[in-house]
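Heads up: the structure comes next, in structure tokens.
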Amino acid sequence: MTVGSDVKQCFVSLKGVEASLSSLALRTLDDDSKRSLHETMMVVHEVVTDLKKRVGELEQEEFQYKGF
Amino acid sequence: MVPEWLDIAVRSIFFVVVLFFITKWLGKKQISELSFFEYVTGISIGSIGAEVAMGLERNIFHGIIGIVIFAAIPFLSGLLSLKSKKFRDFVEGTGTVFIKDGKIMEDNLKKERYTTDELLELLRKKDVYQVSDVEFAVLEATGDLSVMLKKENQPLTAKDLNLTVASIKEPQTVIMDGVIMDEPLATIGRSRAWLHTELEKLGVTVENVFLGQVNSYGELTVDLFDDQLQVASPQERPLILSTMKKCQADLELFALGTESKEAKQMYSKNSEKLQEAIDKVMPILKG
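Residue numbers (the working numbering), protein chains in the order written: chain S, 2 to 69; chain X, 162 to 448.
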């Protein structure tokens, strides 16, 4: 295992969270909760974007584990 | 000539129907809270109905006239009460303050002819056993005692604790006795197909469900006819929360582990961001 794969795993989990939050926001009936969930989804999305960039950098450094 | 028993039967059925519609017309107020006007008319209408049903020598239409007048007057007074506060106070009565600033108003108690025992009884009905816990209490015109406890004796609320709680909408009952209710389902914008999918996820069929409700988050909870069967409770929200927490911890770890200054900064910034996001949705995901 390398740092790269750990980061990748975190990245994938967060992407899953983003999708779950989005679907939960769609299903929620209460408007306030809906908005909070949606805003949280956006924040998670920003984190995911940053992580994706980092995953790319790590792949450059550990190119033998490339596969993303 | 009609036999007497048949006459009584016809009259009784007729008056049950008349009384039913009269009560319907007078509305819910007549049966829920009896103000003294409603109390009087309620008794009179009943008596007239019974009297005419049994008293064969009486004219049936005289009875109906009596009932209609007794029903019309409270109806009209109800309309007038809506318009005028003075009239309302006169007809329906006003509340009498029994306890004010934590002190019993003995004069008001006497005025309403309530004994101390009766006051204590009314308080006990409101789960109050110690008069000193009460800040304010008023005897309503309907005879109920409304009690406001002193602030320190009032139940603790989320506001008192400065807790943020997620606001929710009322749950909808979508399955009753194994039958799908279409109207509540439409209210939350779901289809029968969706419901069947959710039931499949739980591994049960519609016929086995005694009661099924959908909460504010679109999660289906069911009670089955067979109480031996265990049904899974919705796990999605706690799962999202725990994944978010895990990722936040991971990001902190990465920040400590990396040697690149730039990456360190990026990790710690994002871990803080994620922590804020977790704090924000915690009340929603926890519940």
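Backbone N, C-alpha and C fix where the C-beta goes; we use that ideal spot for every residue, glycine too.
Nothing here was measured: the structure is a model prediction, and the numbers come from that model.
For the pair Phe231 (chain X) and Ile265 (chain X), the CB atoms are not nearer than the 9 Å cut-off.
In this model, Gln391 (chain X) and Leu381 (chain X) are separated by some 15 Å (Cα to Cα). In the three-state reduction of the DSSP assignment, Phe386 (chain X) falls in the coil class. Inter-residue distance for Pro235 (chain X) and Glu199 (chain X) is about 7 Å (C-alpha atoms, whole angstroms). For Tyr275 (chain X), the closest alpha carbon among the candidates X:Thr255, X:Gly304 and X:Tyr290 is that of X:Gly304. With the criterion set as a beta carbon lying under 8 Å from some beta carbon of chain X, the members of the region 20-44 of chain S are Ser21, Leu22, Leu25, Arg28, Thr29, Leu30, Asp31, Asp33, Ser34, Ser37, Leu38, Glu40, Thr41 and Val44, in sequence order.
Residue pairing by DSSP places Ile336 (chain X) opposite X:Ile341 and X:Gly373 in a beta bridge. The beta carbons of Thr318 (chain X) and Gln333 (chain X) sit no closer together than 9 Å. Annotated as proximal: Ile206 (chain X) and Ile228 (chain X), with beta-carbon spacing under 9 Å. Inclusion of Ala211 (chain X) and Phe176 (chain X) in the CB contact set at 9 Å is warranted, their separation being smaller than that value.
Taking all protein chains in view, the Cβ of Tyr428 (chain X) is crowded by 16 or more other Cβ atoms within 10 Å, so the residue is classified as buried. Residues of the region 381-394 of chain X with a Cβ closer than 9 Å to any Cβ of chain S: none. Contact between the region 396-412 of chain X and the region 426-441 of chain X is established, with three or more Cβ pairs separated by less than 8 Å.
Per DSSP, the unbroken beta strand (DSSP E) holding Lys261 (chain X) starts and ends at Thr257 to Lys261. When Cβ-Cβ separations below 9 Å define contact, Val56 (chain S) makes no contact with chain X. Between Gly263 (chain X) and Ser293 (chain X), the alpha-carbon positions lie close to 6 Å from each other.
Leu38 (chain S) and Thr404 (chain X) have their C-alpha atoms roughly 15 Å apart. With a contact defined as Cβ atoms closer than 8 Å, Leu59 (chain S) and Gly5 (chain S) qualify at about 4 Å. Beta-bridge pairing by DSSP links Leu306 (chain X) to X:Leu300. A Cβ-Cβ contact shorter than 9 Å links Val18 (chain S) with Cys408 (chain X).
If you look at Leu400 (chain X), you'll find it in the alpha helix (DSSP H) that goes Glu397 to Gly418. Rounded to the nearest angstrom, the gap between the Cα atoms of Ser352 (chain X) and Leu346 (chain X) is 7 Å. The straight-line gap separating the alpha-carbon atoms of Glu296 (chain X) and Asn314 (chain X) is approximately 10 Å. Taking a beta-carbon distance threshold of 9 Å, Glu47 (chain S) counts as an interface residue toward chain X. In terms of Cβ geometry, Leu281 (chain X) and Val308 (chain X) do not form a close pair [threshold 9 Å]. Restricted to the region 258-290 of chain X, the alpha helix (DSSP H) segments that are unbroken, complete and at least 4 residues in length are 267-272 and 277-286, listed in chain order. For Gly373 (chain X), no chain S residue has a C-beta closer than 9 Å to its own C-beta; the minimum C-beta separation is roughly 16 Å. Residue-level contact check: Ser14 (chain S) touches chain X, since one or more beta carbons of chain X fall below 9 Å from its beta carbon. At least one CB of chain X lies nearer than 9 Å to the CB of Gln10 (chain S).
Judged by DSSP secondary structure, Pro235 (chain X) falls within the alpha helix (DSSP H) whose first and last residues are Ile221 to Lys244.
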